[in-house]
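Input: a single structure, listed below in structure tokens.
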Amino acid sequence: MSGQSLTDRIAAAQHSMTGSAISKAVCKATTHEVSGPKKKHLDYLIHCTNELNVSIPHLADTLLERTTSNSWIVVFKALITTHHLMMYGNEVTDQSLTAAPSLCPTGYNMSTFIRRYSRYLNEKAMSYRLAAVDFTKMKRGADGVMRTMNTEKLIKTLPIIQNQLDALLDFQPNSNELTNGVINTAFMLLFKDSIRLFAAYNEGVINMLEKYFDMKKNQCKEALEIYKTFLNRMTKLSEFLKVAERVGIDQGDSPDLTQAPSSLLEALEQHLASLEGRKLKDLSTASRSSTLSSAVSSLSSTGISLSRMEDKTEDNRLQQHKVSQTCPHTVDRFAQFIHTTCQNYCRDSTTI
């Protein structure tokens with residue numbers, strides 16, 4: 001179905017009569033039209049998150065209601081709208097939302113993508129709850145959060161980023177499927193998140209490598225597994241970015257994901273072996289230092305490339321709307337909302 005349906009028009013008219021501007025905007029952002037939510041409606045909802053007199057629970061409940069629609073388009077667009085508000089909306093720190101009721105949608109033609117997208121938003125919210133920070137908004141650079149994190153916290157945090165990145169990369173659309181306007185809109189939001197998320201991941205790994213040879217044995221063992229996983233995720237991200245190139249992202253804008261030299265992995269394994277009392281070829285301090293320096297330089301180049309890519313693809317909304325930093329002592333209402341609703345959706349939709 002193309003264009004707004006009669007149901008959409010009636011619903012919008014009803015909200016106009018009741019004076020609920022938020023409900024009307026949510027309704028218009030999540031119509032049956034096979035295209036992404038319109039910018040003007042998203043902008044209005046973002047503006048609402050900055051207003052003190054706006055009821056965030058009402059906004060969340062309205063979005064939740066739209067995810068119970070029998071139309072996969074409406075459900076998908078409700079999730080896209082929520083993702084957009086998580087990315088660009090202001091931080092909300094009032095009382096927590098009450099638990100949302102279970103969702104039980106059935107019969108979606110695009111149920112696979114809805115489940116995958118829901119899972120990512122769920123992981124994004126879970127990351128927030130576990131780390132008290134949005135990895136896609138955190139301060140980066142030499143004095144950024146991941147580069148200055150201590151060893152113990154770093155080893156706990158990097159697997160959280162890995163889980164979120166795994167859920168993002170699992171979306172896996174092909175070029176033909178991305179001709180669908182709704183799926184394409186969701187993919188572009190995921191694309192932007194992937195650049196920011198991997199940039200934070202990359203900086204955390206650089207910090208970990210710089211600390212590796214001073215770690216305790218158990219910490220080295222965990223760090224080595226994290227690094228091996230990182231190499232695998234870098235390869236998967238490269239494949240994800242190739243899909244983006246085929247649907248409109250300029251190939252010249254794609255980041256250069258430069259891997260550290262293979263000799264680094266060998267050096268890390270040899271160091272752990274020495275801590276465990278196993279006999280392997282020993283590297284001289286000078287050789288180890290040179291390998292580590294080369295690796296950090298390569299990954300730093302990747303970080304610079306990711307930052308350039310982010311600058312080129314940055315949405316104009318980031319210039320129009322202030323993106324607040326996460327407060328470590330609170331949980332964002334939208335994160336709580338999407339955590340509950342998407343958790344229920346992923347559970348209840350397994351029978352689709």
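When we follow UniProt numbering, the leftmost residue of the sequence shown carries the number 1, and every step to the right adds one.
Ideal Cβ positions, reconstructed from N, Cα and C, are used throughout, including at glycine.
This one's a predicted model, so the numbers in the text were calculated from it and none came from an experiment.
Pair within 7 Å by beta-carbon distance, residue i and residue j
{"i": "Phe-171", "j": "Ile-114", "result": "no"}
{"i": "Ala-295", "j": "Ala-260", "result": "yes"}
{"i": "Glu-203", "j": "Arg-116", "result": "no"}
{"i": "Thr-30", "j": "Arg-66", "result": "yes"}
{"i": "Ala-186", "j": "Ile-80", "result": "yes"}
{"i": "Thr-291", "j": "Leu-264", "result": "yes"}
{"i": "Phe-240", "j": "Leu-165", "result": "no"}
{"i": "His-84", "j": "Leu-121", "result": "no"}
{"i": "Gly-277", "j": "Gly-181", "result": "no"}
{"i": "Leu-63", "j": "Thr-82", "result": "yes"}
{"i": "Leu-45", "j": "Ala-25", "result": "yes"}
{"i": "Ile-155", "j": "Glu-225", "result": "no"}
{"i": "Ser-71", "j": "His-32", "result": "yes"}
Nearest neighbour of residue i, chosen from the options [CA to CA]
{"i": "Asp-256", "options": "Ala-125, Phe-198, Leu-264 and Lys-124", "result": "Phe-198"}
{"i": "Met-146", "options": "Glu-210, Tyr-88 and Thr-112", "result": "Glu-210"}
{"i": "Asp-311", "options": "Glu-222, Ala-244 and Arg-196", "result": "Arg-196"}
{"i": "Thr-157", "options": "His-83, Ile-206 and Leu-130", "result": "Leu-130"}
{"i": "Phe-213", "options": "Gly-181, Thr-285 and Ser-238", "result": "Thr-285"}
{"i": "Glu-269", "options": "Leu-306, Lys-217 and Ser-293", "result": "Lys-217"}
{"i": "Tyr-88", "options": "Ser-118, Ser-55 and Lys-137", "result": "Lys-137"}
{"i": "Arg-246", "options": "Cys-27, Asn-184, Ala-25 and Gly-303", "result": "Asn-184"}
{"i": "Met-149", "options": "Leu-121, Val-205 and Ser-194", "result": "Val-205"}
{"i": "residue 353", "options": "Cys-27, Lys-242 and His-84", "result": "In the structure as shown, the chain starts at 1 and stops at 352, and residue 353 therefore has no counterpart that could be examined."}
{"i": "Ser-118", "options": "Ala-167, Leu-154, Val-133 and Ser-71", "result": "Ala-167"}
{"i": "Gly-303", "options": "Arg-288, Met-188, Gly-144 and Val-243", "result": "Gly-144"}
{"i": "Gln-219", "options": "Ser-55, Thr-151 and Ser-293", "result": "Thr-151"}
{"i": "Asn-163", "options": "Lys-39, Ser-127, Ile-22 and Ala-132", "result": "Ser-127"}
{"i": "Ser-175", "options": "Tyr-201, Ala-244 and Leu-224", "result": "Ala-244"}
{"i": "Arg-288", "options": "Arg-308, Met-309, Ser-307 and Ser-262", "result": "Ser-262"}
{"i": "Tyr-227", "options": "Glu-266, Leu-178 and Leu-189", "result": "Glu-266"}
{"i": "Ala-208", "options": "Ser-307, Lys-153, Ala-60 and Leu-59", "result": "What sits at residue 208 in the sequence shown is Met, not Ala. The shortest C-alpha separation from Met-208 is found at Lys-153."}
{"i": "Val-133", "options": "Met-215, Ala-200 and Thr-179", "result": "Ala-200"}
{"i": "His-58", "options": "Leu-275, Ser-23 and Ala-78", "result": "Ser-23"}
{"i": "Val-34", "options": "Glu-177, Arg-233 and Ser-20", "result": "Glu-177"}
{"i": "Ser-300", "options": "Arg-233, Ala-142 and Asp-61", "result": "Ala-142"}
{"i": "Arg-233", "options": "Pro-159, Ser-305, Met-188 and Ser-293", "result": "Pro-159"}
{"i": "His-271", "options": "Ile-56, Ser-293, Met-215 and Met-309", "result": "Met-215"}
{"i": "Lys-242", "options": "Ser-305, Pro-173, Arg-308 and Ser-307", "result": "Pro-173"}
Whole-number beta carbon distance between residue j and residue i, since they are thought to touch under 8 Å
{"i": "Ile-161", "j": "Phe-135", "result": "6 Å"}
{"i": "Thr-235", "j": "Ser-298", "result": "Not confirmed; about 15 Å, so no contact."}
{"i": "Leu-237", "j": "Ser-194", "result": "6 Å"}
{"i": "Lys-39", "j": "Met-86", "result": "The pair is not a contact, with the Cβ atoms about 17 Å apart (cut-off 8 Å)."}
Residue i, enclosing alpha helix (DSSP H) - first and last residue
{"i": "Ser-127", "result": "111 to 131"}
{"i": "Asp-61", "result": "56 to 66"}
{"i": "Thr-49", "result": "Per DSSP, Thr-49 belongs to no alpha helix (DSSP H) and is neither H nor E."}
{"i": "Asn-184", "result": "181 to 212"}
{"i": "Met-87", "result": "72 to 88"}
{"i": "Gln-259", "result": "Run containing Gln-259: none; DSSP gives neither H nor E here."}
{"i": "Val-26", "result": "21 to 29"}
{"i": "Val-243", "result": "217 to 246"}
{"i": "Lys-153", "result": "151 to 169"}
Residue i at chain B interface by Cβ criterion, 7 Å
{"i": "Ser-111", "result": "This model lacks chain B altogether, as it is built from one protein chain only."}
Check: residue i C-beta below 6 Å from any heavy atom of the ligand SAH
{"i": "Glu-177", "result": "Ligands are entirely absent from the displayed structure, and the ligand SAH is therefore not among its contents."}
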